[in-house]
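Residue numbers (UniProt numbering): 1 to 483. To keep things clear, I will list the structure first and then write my remarks on it.
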Amino acid sequence: MLRALTRIAARSPRSQRAGAPTTAVECFTSCATAPVKPCSSPISISHLHQQFQHASTSKSWALSGDIAEDISPQPLTYKVEIFTGDVRGAGTHAPAAIQLIGSEGESAEFMLGDEGEEYGFDRGSRRSYELEVGDALGTLRSVFVQQVSQTQTELGNDWYLERVEVTGPEGVCWVFPCEDWFGRTEDDESVGLTQRTIQARKATIQAAPLEKPLKMSASAVAYPHPEKVGAGHAKAFVRKYDGWAGEDAYFCTTTEAGGLGVGVADGVYMWKQQGIDSGLFSRSLMRYAKQALKDGVTNPVKVLRSAEDGNERDELKGSCTACIAIIDPNEGQLRSANVGDSGYMLLTRAPGGGRYELRYHTPQQEHSFGCPYQLGHYEGADAPEDAMLMTLPVRPGDVLIVGSDGLWDNLSTKQILEEARQSIIEKKDSPASLALKLSTAAFHHSVDRSGQTPYSQGASEAFDMVYSGGKMDDITVCCVLIS
């Protein structure tokens with residue numbers, strides 16, 4: 001039986017965990033199960049304290065009784081697989097706690113590797129667990145892993161975690177690569193990190209075979225930041241299938257195999273302080289990406305790599321976020337690579353067909369709030385290989401919306417779903433009409449100083465202050481209707 005660590009007191013924000021101990025009191029409850037040998041007798045509080053009193057984060061623990069009845073009548077099962085590296089000293093005798101973090105909430109923390117008489121994770125092992133979570137977590141963004149050891153200097157506590165794989169209740173498998181040590185520093189002379197928050201890098205789901213190829217229609221529109229208009233020179237060039245606005249750039253194109261490729265890039269405006277126009281960088285990146293698709297490149301990471309190599313050959317300076325989405329109409333599959341806070345939503349018809357549901361939304365890749373992953377010329381820039389990868393099945397009736405952060409910062413998921421319902425289901429609008437309505441709505445929210453937006457909510461959480469209003473920015477929206 002797995003014992004979930006259930007929070008019963010306020011904890012420090014997750015961003016502070018790595019740097020400061022927490023004083024939260026937590027308790028063990030039997031609210032999840034796993035394919036491991038259950039304990040034969042209750043664990044005493046004294047035994048528990050003896051085992052965990054020297055945990056690296058100085059947490060204190062207390063034992064609660066069993067839950068009388070399941071709070072969630074239909075718990076959702078997440079399969080978690082822990083891959084320990086096959087290198088010398090990779091195994092550990094220490095168990096670990098894990099927490100799943102999604103776009104719609106966080107799970108409790110579950111203790112892994114403490115079942116039966118053996119503790120920890122063997123070198124080169126692959127161990128599977130089933131965690132029962134009461135509420136859907138949405139798109140998984142990261143996992144928090146903490147090694148819980150008896151002492152920080154005990155032999156056998158060092159652990160090399162290769163990766164964590166999590167399969168959700170809908171069959172999506174998320175990969176969280178770690179490839180690093182817990183409890184060991186580079187010089188092996190002191191205790192290193194014993195906890196990490198690992199970002200998702202890849203997710204896949206099996207697509208069902210299609211009876212006939214899909215058809216797709218696409219269109220895009222973009223608005224520049226209001227303050228970039230009227231400066232005496234062009235600040236936007238917008239066409240249905242390619243264009244730019246401010247530092248944003250985009251394209252929609254057919255691939256060599258008859259599929260559809262969509263790209264959005266958002267140049268980092270702050271380079272202007274050094275006399276660099278990141279709009280040139282993002283526009284060039286999209287031109288090279290479009291050409292790679294025309295040349296038959298079907299892997300979205302390779303598309304980004306080809307584009308960045310082109311910018312490097314041209315010695316362009318600057319940086320940008322980037323999202324590439326490719327739809328194969330014969331396999332009914334969408335493959336994507338996303339770097340930073342541009343991204344996409346995939347909408348599907350809800351049962352009954354009268355509204356849309358969110359099937360997937362790319363997580364924002366940020367080093368910190370307001371500092372997204374970005375491709376660029378400078379040392380320390382992120383690489384195409386750092387992109388968040390995803391493979392999803394698509395079917396007739398789905399809607400793909402690709403956009404820069406000017407869209408996502410100013411419109412909530414609920415607002416986008418409602419706009420799609422009104423435009424596509426009720427009015428039978430075209431993708432061009434939906435793109436225009438979404439970009440216009442995002443613009444109006446961006447200049448509203450009092451309303452609540454995803455950006456104001458994120459800023460309030462990041463800075464522990466109350467923010468309101470939208471974020472003025474370049475706004476790009478590409479819409480694809482699948483039939």
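Glycine included, each C-beta is placed from N, C-alpha and C at the ideal position.
Tell me where the beta strand (DSSP E) around residue i begins and ends.
| i | result |
| --- | --- |
| Pro396 | Looking at the DSSP string, Pro396 is not in any beta strand (DSSP E), and its letter there is neither H nor E. |
| Asn311 | Here Asn311 belongs to no beta strand (DSSP E); instead the alpha helix (DSSP H) covers 300-313. |
| Leu293 | Element bounds for Leu293: not the beta strand (DSSP E) but the alpha helix (DSSP H), 278-294. |
| Gln146 | 140-147 |
| Ile101 | 96-102 |
| Leu76 | 76-84 |
| Thr368 | Before going on, a small fix: residue 368 reads as Ser here, not Thr. 366-368 is the extent of the beta strand (DSSP E) around Ser368. |
At a cut-off of 7 Å, is residue i close to the ligand NAD when judged by its beta-carbon and the heavy atoms of the ligand?
| i | result |
| --- | --- |
| Pro393 | This structure does not include the ligand NAD; it has no bound ligands of any sort. |
Mind reading off the beta-carbon distance from residue i to residue j? Whole number of angstroms is fine, and I expect it under 8 Å.
| i | j | result |
| --- | --- | --- |
| Ser404 | Asp266 | 4 Å |
| Thr391 | Thr194 | Not confirmed; about 33 Å, so no contact. |
| Ala322 | Val339 | 5 Å |
| Glu115 | Lys79 | Wrong, their Cβ atoms sit about 16 Å apart, outside the cutoff. |
| Gly310 | Val394 | Not a contact, Cβ separation roughly 29 Å. |
| Pro224 | Lys235 | 4 Å |
| Tyr344 | Leu400 | 6 Å |
| Ser468 | Ser450 | 5 Å |
| Tyr250 | Val264 | 5 Å |
| Glu336 | Pro384 | Per the sequence presented here, residue 336 reads as Ser, with Glu not at that position. No, Ser336 and Pro384 are not in contact; Cβ-Cβ is about 12 Å, not under 8 Å. |
| Glu358 | Leu375 | Contrary to the premise, residue 358 reads as Leu rather than Glu in this sequence. In fact, because the Cβ distance is near 27 Å, the residues do not count as touching under 8 Å. |
| Arg201 | Leu334 | Between Leu334 and Arg201 the Cβ distance is about 17 Å, and since that is not below 8 Å, they are no contact. |
| Thr253 | Lys294 | 7 Å |
Beta-carbon within less than 7 Å of residue i's beta-carbon, same chain only, minus the 5 sequence neighbours each way: which residues are those?
| i | result |
| --- | --- |
| Arg349 | Tyr356, Gly397 |
| Pro75 | Glu132, Val133, Gly134 |
| Glu162 | Phe83, Thr84, Gly85, Cys178, Glu179 |
| Pro95 | Met111, Leu112, Gly113, Asp114, Tyr119, Gly120, Val148 |
| Thr23 | Below a pLDDT of 50, predicted positions are generally treated as unreliable, and Thr23, at 30, falls in that range; no measurement from the model is reported. |
| Tyr269 | Glu247, Ser278 |
| Ala462 | Phe369 |
| Val466 | Ser460 |
Going by DSSP, which residues form a beta bridge with residue i?
| i | result |
| --- | --- |
| Met270 | Per DSSP, none; premise fails for Met270. |
| Thr481 | The sequence as given places Leu at residue 481; Thr does not occur at that position. For Leu481, which the question treats as bridged, DSSP gives the partners Ser217, Val399. |
| Asn338 | Cys323, Met388 |
| Val297 | Paired residue(s): none; Val297 is not in a bridge. |
| Glu357 | Thr348 |
| Glu165 | Glu81, Val175 |
| Lys414 | Its beta-bridge partners do not exist; DSSP assigns none. |
| Phe237 | Trp244 |
| Arg449 | None, per the DSSP bridge assignment. |
| Tyr129 | Val80 |
| Phe182 | Trp159 |
| Arg201 | The partner list for Arg201 (beta bridge, DSSP) is empty, contrary to what the question assumes. |
| Thr254 | Leu260 |
| Gln333 | Asp328, Pro393 |
| Gly105 | Gly102 |
| Arg196 | Val145 |
| Gly343 | Gly403 |
Taking the continuous alpha helix (DSSP H) assigned at residue i, which residues delimit it?
| i | result |
| --- | --- |
| Phe443 | 431-446 |
| Ile425 | Per DSSP, Ile425 belongs to no alpha helix (DSSP H) and is neither H nor E. |
| Ala459 | 454-463 |
| Leu407 | 405-408 |
For chain B, is any of its Cβ atoms less than 8 Å away from the one on residue i?
| i | result |
| --- | --- |
| Val480 | Absent from the structure: chain B. Only one protein chain is present. |
Return the chain-ordered list of same chain residues with a C-beta closer than 6 Å to the C-beta of residue i, the five sequence neighbours on each side being excluded.
| i | result |
| --- | --- |
| Phe144 | Gln99, Thr197 |
| Asp464 | none |
| Ile276 | Lys317, Gly318 |
| Lys428 | none |
| Ala90 | Thr84, Arg123, Tyr160 |
| Pro329 | Pro213, Leu214, Gly259 |
| Ser125 | Thr84 |
| Val283 | Reading off the sequence shown, one finds Arg at residue 283, where the question assumed Val. Result list for Arg283: Trp244, Ala249, in chain order. |
Take residue i and list the residues in its own chain whose beta-carbon comes closer than 8 Å to its own, dropping the five residues that flank it on each side.
| i | result |
| --- | --- |
| Glu69 | Reliability of the predicted coordinates at Glu69 is poor, the pLDDT of 42 falling under 50, and no value is obtained from them. |
| Asp188 | With a pLDDT of 48 at Asp188, under the threshold of 50, the modelled position of this residue cannot be trusted; read the value that follows with caution. Cβ within range, chain order: n/a, list empty. |
| Pro169 | Leu76, Thr77, Tyr78, Ala136 |
If you pair each beta-carbon of the segment 351-361 with each one of the segment 307-317, do three or more pairs fall below 8 Å? no
Just checking, does the segment 363-370 make contact with the segment 169-181 on the three C-beta pairs under 8 Å criterion? no
Would you check if there are 3 or more beta carbon pairs closer than 8 Å linking the segment 475-482 to the segment 433-453? yes
Quick check: the segment 404-423 against the segment 461-474, are there 3 or more CB pairs under 8 Å? yes
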